[in-house]
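What follows is one structure encoded as C-alpha cells, with my remarks underneath.
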Amino acid sequence: MLSKLVKLLIRRKRPLSAAQQAAQLIAAIDAGGIPLNPARINDIARQLGLEVSRKAPLEATLARIRAALAYLDQ
Numbered sequence: 000m001l002s003k004l005v006k007l008l009i010r011r012k013r014p015l016s017a018a019q020q021a022a023q024l025i026a027a028i029d030a031g032g033i034p035l036n037p038a039r040i041n042d043i044a045r046q047l048g049l050e051v052s053r054k055a056p057l058e059a060t061l062a063r064i065r066a067a068l069a070y071l072d073q
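Numbering (numbering that gives the first Met the number 0), first residue to last: 0 to 73.
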C-alpha cells in the first residue's frame, strides 16, 4: 500500500506539446482571459515553428498561432 502511495505522489505529468499549449492559450483568450506574458506566447509560437520578432504585436502573433492550429487540425 505504501508503494502505491509513493508512486502516486512521485508520478509526474508529461509536459504538454506545443500544439496543446497553443490550444489551451487560445481557449483561455476566447473565454475572456488576457495574456500577461508575451514571452511565453512568443515561445509557444516558436515551438510551433513560427518565426516571431520580439517587436511583433501580440495580436499578430496570436493570429499566426490560430492559423497554425487551424493548419494542424486539417
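A virtual CB, placed ideally from N, CA and C, is assigned to each residue, including glycine.
Cβ contact annotation for residue 41 (same chain, cutoff 6 Å, sequence separation greater than five): 51, in chain order. Exclusion of the five residues before and after residue 49 leaves 63, 67 as the residues of its chain whose Cβ lies within less than 7 Å of its Cβ.
Counting along the chain, no alpha helix (DSSP H) covers residue 52, and no H or E run does either. In the displayed model, residue 43 falls within a helix according to three-state DSSP. Under the DSSP assignment, residue 4 falls in the alpha helix (DSSP H) whose first and last residues are 1 to 9.
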